[in-house]
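Take the sequence shown: its letters are residues 2 to 312, numbered as in the working numbering. No residue lacks a Cβ here, since even glycine has one placed at the ideal position from N, Cα and C. Accompanying notes for the structure given below.
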Amino acid sequence: MPVLTEETTTAAPTFSNRGVHLDAQAVDELRDSSSLRNDIVALRQRMQQDGYLFMRGLLTRDEVLEARREITRRMAEQGWLDPAYPAMDAIAVRARDASKFVPDILAKDNAALAKVLYAGPLMDFFRDFFGQPVRHFDYTWLRSIWPGPANPSHCDIVYMGRGERERLFTAWTPLGDIDCELGGLAILEGSHHNQRLKETYGQMDVDGYCANKPDARGWGKVWGTGGHLKGHPDQIRRVVGGRWLTTSYRAGDVVIFGMFTVHMGLDNHSPNRIRLSSDSRYQPADTPADERWIGPNPIAHGPAGRRGRIC
Ligand SMILES: O=C(O)CCC(=O)C(=O)O
Ligand SMILES: [Fe+2]
2 MPVLTEETTT AAPTFSNRGV HLDAQAVDEL RDSSSLRNDI VALRQRMQQD
52 GYLFMRGLLT RDEVLEARRE ITRRMAEQGW LDPAYPAMDA IAVRARDASK
102 FVPDILAKDN AALAKVLYAG PLMDFFRDFF GQPVRHFDYT WLRSIWPGPA
152 NPSHCDIVYM GRGERERLFT AWTPLGDIDC ELGGLAILEG SHHNQRLKET
202 YGQMDVDGYC ANKPDARGWG KVWGTGGHLK GHPDQIRRVV GGRWLTTSYR
252 AGDVVIFGMF TVHMGLDNHS PNRIRLSSDS RYQPADTPAD ERWIGPNPIA
302 HGPAGRRGRI C
């Protein structure tokens with residue numbers, strides 16, 4: 002695992018999710034597909050095979066850093082960063098409760114971020130990949146992960162599965178360099194091939210409820226709650242199969258993955274650095290889109306998107 006260990010000469014990095022450490026034997030490096038950028042047939046095949054494409058350096062690094070500059074400027078302005086350091090370093094100010102921070106304000110009307118995600122190389126990639134015009138969701142998910150726990154494992158389909166489901170992809174974009182201490186995204190190898198997962202948990206809609214059984218949450222009882230998969234990451238890995246794949250990310254890299262690929266965030270083990278990333282979504286322009294994520298003020302998932310069904 003050359004990249005996973007390059008920053009630490011004395012010890013291999015440890016990875017955890019919500020405080021539970023991963024079995025180091027079952028963590029490996031994401032496969033870099035950037036050399037296939039001009040072979041769209043090979044990229045489509047690889048997406049089918051792997052469930053993700055890790056494209057190192059697909060984006061223009063300076064443009065990503067400009068987006069980070071604007072984000073960290075806003076965070077500093079609101080007093081979330083330690084003024085003893087340059088804002089670009091995103092060092093958390095002490096004695097402020099990070100759970101009170103609302104990251105949405107970092108993405109809104111952020112032209113530098115929109116340029117990275119919705120113009121240029123990433124949009125060109127999706128146009129080539131779909132072979133037709135692209136629609137992106139209007140909602141941009143900005144993640145600011147303070148030192149501590151990261152997002153639990155899940156598939157995105159349960160949050161955004163009311164329109165196109167197969168040709169809909171997430172782009173996870175590090176907004177700055179994200180070394181192994183800062184954590185980052187982990188993908189569960191081959192998880193998109195697990196038919197049982199697809200046919201059970203994969204049919205869940207986090208905002209769906211049983212109209213004829215008001216107390217029952219339906220699928221949630223089997224696989225988890227709130228859309229997340231039940232159990233700790235090594236249990237999930239053993240049930241679904243595969244290893245957890247990650248890397249040391251650099252600004253300019255992007256991970257693109259399908260709706261049925263299991264993924265999670267890795268905990269931020271740094272003493273005071275905030276991890277910044279975004280996730281954005283893309284589909285062919287002529288297929289239906291999940292309306293919760295479209296428009297000038299998308300409702301996103303949550304109570305406003307509740308939809309009843311007969312269970
Ligand atoms: O950044 C994370 O921690 C999770 C990201 C994620 O779930 C996504 O990109 O869909
Ligand atoms: Fe996700």
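Handout entry: Rounded separation between ASP1 and ALA172 - CA only
Key = With the chain covering 2 to 312 only, the question about residue 1 has no answer from this structure.
Exercise for the section: Please determine, among ALA252, LEU277, TYR210 and PHE131, the residue with the shortest C-alpha to C-alpha distance to ALA151. Expected result: Position 150 of the sequence shown, counting from 1, holds the residue named residue 151. Among ALA252, LEU277, TYR210 and PHE131, the Cα nearest to that of ALA151 is on LEU277.
Exercise for the section: Count the CB pairs spanning the segment 49 to 57 and the segment 248 to 258 that are closer than 8 Å, and state whether there are at least three. Expected result: yes
Exercise for the section: Please report how far the alpha carbon of PHE131 lies from the alpha carbon of ILE106, in whole angstroms. Expected result: In the sequence shown, the residue the question calls residue 131 occupies position 130. In the sequence shown, the residue the question calls residue 106 occupies position 105. So the two alpha carbons sit approximately 31 Å from each other.
Exercise for the section: For the beta strand (DSSP E) holding ARG310, just list the boundary residues, first then last. Expected result: Position 309 of the sequence shown, counted from the first residue, corresponds to residue 310. Its beta strand (DSSP E) spans residues 308 to 310.
Handout entry: heavy atom of ligand 1 below 6 Å from ASP180 C-beta
Key = Residue numbering aside, residue 180 sits at position 179 when the sequence shown is read from its first letter. Incorrect: ASP180 has no Cβ contact closer than 6 Å to ligand 1.
Exercise for the section: Thinking THR288 and ARG168 are a contact (beta carbons under 8 Å), I'd like their distance in whole angstroms, please. Expected result: In the sequence shown, the residue the question calls residue 288 occupies position 287. In the sequence shown, the residue the question calls residue 168 occupies position 167. Sure, about 7 Å apart at Cβ, within 8 Å.
Exercise for the section: Over the uninterrupted beta strand (DSSP E) stretch that includes ALA1, give me the two end residues. Expected result: Absent from the structure is residue 1, since the part of the chain shown begins at 2 and ends at 312.
Exercise for the section: Return the chain-ordered list of same chain residues with a C-beta closer than 8 Å to the C-beta of GLY164, the five sequence neighbours on each side being excluded. Expected result: Along the sequence shown, one-based indexing puts residue 164 at 163. Correct list, in chain order: GLN284, THR288, PRO289, ALA290, ASP291 and GLU292.
Practice task
Could you tell me whether any non-hydrogen atom of ligand 1 is closer than 6 Å to the CB of THR171?
Solution key: In the sequence shown, counting from the first residue as 1, residue 171 sits at position 170. THR171: yes, Cβ under 6 Å from ligand 1.
Practice task
Go ahead and pull the three-state DSSP assignment for PRO84.
Solution key: As a first step, residue 84 is located in the sequence shown; it is residue number 83 there, counting from the start. Coil at PRO84, not helix or strand.
Problem - Residues that SER281 bridges to, as DSSP identifies them - result: Working through the sequence shown from its first residue, we reach residue 281 at position 280. For SER281, which the question treats as bridged, DSSP gives the partners ALA172.
Exercise for the section: Can you give me the Cβ contacts of GLU71 inside the same chain, cut-off strictly under 6 Å, excluding the 5 residues immediately before and after it? Expected result: Position 70 of the sequence shown, counted from the start, is the residue given in the question as residue 71. If we look at GLU71 and ignore the five residues flanking it on each side, its Cβ neighbours are ASN111 and ALA113.
Handout entry: Span of the beta strand (DSSP E), counted from its first residue to its last, around VAL263
Key = Here residue 263 corresponds to residue number 262 of the sequence shown, with the count starting at 1. Here VAL263 belongs to no beta strand (DSSP E), and DSSP marks it neither H nor E.
Practice task
Check SER100 in the structure and name its three-state DSSP category.
Solution key: Position 99 of the sequence shown, counted from the first residue, corresponds to residue 100. Note: SER100 maps to helix in three-state DSSP.
Problem - Among GLY20, ARG75 and ARG307, nearest to TYR210 - alpha-carbon criterion - result: The residue given as residue 210 occupies position 209 in the sequence shown. Selected option, being the one with the closest Cα: ARG307.
Practice task
Tell me whether ARG268 counts as near ligand 2, meaning its Cβ is closer than 6 Å to at least one heavy atom of that ligand.
Solution key: What you label residue 268 is simply residue 267 of the sequence shown in a count that begins at 1. The question names Arg, but residue 268 in the sequence shown is Asp. For ligand 2, not one heavy atom lies less than 6 Å from the Cβ of ASP268.
Practice task
Please name the residue in THR141, SER34 and MET161 whose C-alpha comes closest to that of LEU176.
Solution key: Residue mapping note: residue 176 aligns to position 175 of the sequence shown, counting from 1. The shortest Cα separation from LEU176 among THR141, SER34 and MET161 belongs to THR141.
Practice task
Could you give the DSSP three-state label for ASP51: helix, strand or coil?
Solution key: Position 50 of the sequence shown, counting from 1, holds the residue named residue 51. Residue state, collapsed to three classes: helix.
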